[in-house]
DNA sequence: TCCACCCCAGTCCTATAGGATCTGAACATG
DNA sequence: CATGTTCAGATCCTATAGGACTGGGGTGGA
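Residue numbers (the numbering used here), protein chains in the order written: chain X, 1 to 236; chain F, 237 to 472.
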C-alpha cells in the first residue's frame, strides 16, 4: 500500500533497485478506491480524468487506465465520450438483490471450503474473527473501517479456501459492492454483536468439519444480515 | 447487438459525422476479443502493447485501456512492468471448478427467472434455442462460432431475466471463461444433439412456470455438460 | 572453451501536446 | 422578459516523445 519514495533509495543498496517499483496506475487505482470507500466521492458525482490527474499530480494516462479497471468493479460507470461517474447509491431493491446473490454463492463456498480446510486456513479465519471483535466501531467511517475490512476478509478467505478460482471470481464480482451497501442510509454498524456471534458460528461449523453444518450456518448468517439491514434501514 | 440501420437518417446531415462516434479503445477491445475467441492469440502468448498498436494502426494509449478492461474478464493476465499475456489453457481441474461454480449459480438463476418470466422473454429464449438448432457445427472455430454464441446467449438471457444485477454480474464473471473452455482439447462440438435437447427441457420447464422444475432442469443440464466434456476430453 | 562485459533493439510506462466536442455563461435580439 | 448566439473553458480522446528497464547477441579476455 505505502509506496516507497523512489528517489530516497540509500546509496548503500547494491543495484539501486527500489524495493518494488510500482506502476503509477496502481497507485491511482488505490487512491480512487479509498476515496470511493471513504465516501469522499459521492454517488453520482463525475470523476474527471484531467481533474483527477491534476489532483494526484500525475498525467491523465495512468488515471485513464485506473478508471478502466475500476469500471468492472461496478464502483464507477463509464459513458463513451462523456466520462466516468460514481455509481448511484444502493436502494432497498439493490440490497435485496445483493443478498439473494450472496445467498446463492456464499453457503456453497462454505461447504466447499469446509471439505478442504487446513489448520493454517483455520488460523487465518480465527484471526479475522478476532479482528472483527477488536475493531473499533465509532460512528464515522474511518472508525469502523477496520470492522468492515475484517468482515470482508472473513468472507473472502472462505471463498479463496474453496480452491475454486471461479467461486472466487463470482464472489469478487459482488465484493466491491458489498462494501458499499453499508453506506446506504448511513446507519453505520448497529448489529456488530449479532454479526460477530454469527461469524463465530460459521467458524465453529467449519472447524467441526461438517460441510452441511457450514453451509447452513453461512446461509443463516446471510439471511440474518438481510433481515437486520432491512429493519435498520431508514423509512425513506 | 445489431446496429440500427443508418438509412433512415435524412441526407441533410452535415457530412462527415459518423452515426455513432465510437471510441477507439472500444474498437481495439472488440478486435482483441475476437482474436482471443478465434484462437488467433494462443494461450500463453505475450500481447505486446506497442506491437498491437502498430498492428491495428493506432497509438498505444487505446490499446492500454482496452487491455485493462480485458484483464478482469480473465482472458489476459497482467504482470506489472512486464506486460500482458493470454491466459493459459484450461486444465481438467479448471473445467471441473468452472462447472462447480456454474452449478451454484445457474440453477438459482433459472429458478428466479422462472418466477418473473414474461411472454416477451420467453420468445427470446425460444429464438436462442432455434438458433442453436440451426447453427452450423463444422470442425473449424469459425463454423461453430454461431453455435457457441447462441449457447451463451441462452444462459445469459436467463441470468438477465432474474432481474438481479448481481446474479448477472456473477454469471458474467464466469461467462468470458465459459467460451474458452470449448477450446481445451480442441474437440469441437460433439454433443450438440444432447445439449439442444437439454436446452429445450430447460425452456419447457421455464414455460411451465414451476420454479422447482426450472431449477432442476438447469442443474441437470450443467451436470450433463460436465459429464460429457470430461468423457470427451483427450486422455492427455 | 568459457565467462564477463557492452551494446542495442524491444518493451513498458508516463508526460505532454493538440484536435474535437460539450457545457455554461455572458450577451444580443425580438 | 424570453430566446437564440457566441465564446471561452473544461473535458475526452488520441498521437507522439522520451525515460527506464529487460533480454539477447556479439566481443574480448582468461
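Even for Gly, the Cβ is constructed at its ideal location relative to N, Cα and C. As the structure is a prediction and not an experimental result, all values here were calculated from the model.
So is residue 334(F) buried or exposed if we call it buried at 16+ other beta carbons inside 10 Å?
To locate residue 334(F), count along the second chain from 1; it is residue 98. Buried, by the Cβ-count rule.
Of the residues that make up the stretch 390-404 of chain F, which ones have a beta carbon closer than 7 Å to any beta carbon in chain X?
400, 401, 402, 403
Short Cβ contact (8 Å threshold) for residue 194(X) with residue 224(X):
As a working note, residue 194(X) is residue 194 in the first chain. As a working note, residue 224(X) is residue 224 in the first chain. It is a contact, given that the beta carbons lie within the stated cut-off.
Under 8 Å Cβ to Cβ from residue 83(X), same chain only, skipping five residues before and after it: list those, please.
If you number the first chain from 1, residue 83(X) lands on position 83. Same-chain partners within the cutoff: 46, 47, 48, 49.
Compare the Cα-Cα distances from residue 22(X) to each of 451(F), 407(F), 317(F) and report the closest residue.
Along the first chain, one-based indexing puts residue 22(X) at 22. When each option's Cα is compared against that of residue 22(X), the closest is 317(F).
Under a three-way DSSP split, which group does residue 138(X) fall into?
Counting from one through the first chain, the residue named residue 138(X) turns up at place 138. DSSP places residue 138(X) in coil when its eight states are reduced to three.
Three or more C-beta pairs under 8 Å: does that hold for the stretch 123-140 of chain X against the stretch 361-375 of chain F?
no
Would you say the stretch 145-154 of chain X touches the stretch 205-217 of chain X, given that touching needs at least three Cβ pairs under 8 Å?
no
Out of 466(F), 351(F), 358(F), 338(F), state which residue places its alpha-carbon closest to the alpha-carbon of residue 454(F).
The count along the second chain starts at 1 and reaches residue 454(F) at position 218. If we check each option's Cα against that of residue 454(F), 338(F) comes out closest.
Chain F residues whose Cβ lies nearer than 9 Å to that of residue 77(X)
Position 77 of the first chain, counted from the start, is the residue given in the question as residue 77(X). Here the premise fails: no neighbours, minimum Cβ distance about 12 Å.
Can you find a C-beta in chain X that's less than 8 Å from the C-beta of residue 300(F)?
In the second chain, the residue the question calls residue 300(F) occupies position 64. Closer than 8 Å to some Cβ of chain X, the Cβ of residue 300(F) qualifies, so yes.
Please confirm whether residue 91(X) has its beta-carbon closer than 8 Å to some beta-carbon of chain F.
On the first chain, position 91 is the one that residue 91(X) refers to. Judged by the 8 Å Cβ criterion, residue 91(X) is not in contact with chain F.
Cβ-based burial, residue 356(F) [other Cβ within 10 Å; buried from 16]:
Mapped onto the second chain, residue 356(F) falls at position 120. By the 10 Å Cβ count, residue 356(F) comes out exposed.
Give the straight-line distance between the Cα atoms of residue 353(F) and residue 104(X), rounded to the nearest whole angstrom.
For the purposes of this step, residue 353(F) is taken as the residue at position 117 of the second chain. For the purposes of this step, residue 104(X) is taken as the residue at position 104 of the first chain. The straight-line gap from Cα to Cα measures roughly 20 Å.
Would you call the CB atoms of residue 312(F) and residue 302(F) closer than 8 Å?
Residue mapping note: residue 312(F) aligns to position 76 of the second chain, counting from 1. Residue mapping note: residue 302(F) aligns to position 66 of the second chain, counting from 1. No, the Cβ-Cβ distance between residue 312(F) and residue 302(F) is not below 8 Å.
Could you name the residues of the same chain whose beta carbon sits closer than 7 Å to that of residue 64(X), not counting the 5 residues immediately before and after it, in chain order?
Taking the first chain and counting its residues from 1, one reaches residue 64(X) at position 64. Around residue 64(X): 49.
Could you check the C-alpha separation between residue 142(X) and residue 38(X) for me, to the nearest Å?
On the first chain, residue 142(X) is found 142 positions in, with the first residue counted as 1. On the first chain, residue 38(X) is found 38 positions in, with the first residue counted as 1. About 7 Å.
If you reduce the DSSP assignment to three classes, tell me which class residue 116(X) lands in.
Numbered from 1 along the first chain, position 116 holds the residue referred to as residue 116(X). Three-state DSSP puts residue 116(X) in coil, outside helix and strand.
Tell me the start and end of each unbroken alpha helix (DSSP H) in the stretch 411-470 of chain F that is at least 4 residues and wholly inside, in chain order.
428-444, 447-468
Measure the alpha-carbon distance for residue 128(X) versus residue 146(X) and round it to whole angstroms.
The residue you call residue 128(X) lines up with position 128 of the first chain. The residue you call residue 146(X) lines up with position 146 of the first chain. Roughly 11 Å between the two C-alpha positions.
Report the start-end ranges of each alpha helix (DSSP H) in the stretch 39-122 of chain X that is 4 residues or longer and not cut off at the edges.
49-56, 60-71, 92-115
I believe residue 230(X) touches residue 92(X) by the beta-carbon criterion, under 8 Å. Please report the beta-carbon distance rounded to the nearest angstrom.
For this step, residue 230(X) is matched to residue 230 along the first chain. For this step, residue 92(X) is matched to residue 92 along the first chain. Indeed they touch by this definition, with Cβ atoms about 7 Å apart.
Determine, using beta carbons only, whether residue 2(X) comes closer than 8 Å to chain F.
In the first chain, the residue the question calls residue 2(X) occupies position 2. With a pLDDT of 29 at residue 2(X), under the threshold of 50, the modelled position of that residue is not reliable, and no figure is offered here.
Would residue 206(X) pass as a contact of residue 110(X) if the rule is Cβ separation under 8 Å?
For the purposes of this step, residue 206(X) is taken as residue 206 along the first chain, with counting starting at 1. For the purposes of this step, residue 110(X) is taken as residue 110 along the first chain, with counting starting at 1. Against a cut-off of 8 Å, the Cβ pair of residue 110(X) and residue 206(X) comes out as a contact.
Per DSSP, what kind of secondary structure is residue 381(F) in: helix, strand or coil?
What you label residue 381(F) is simply residue 145 of the second chain in a count that begins at 1. Looking at residue 381(F) - three-state DSSP - the assignment turns out to be helix.
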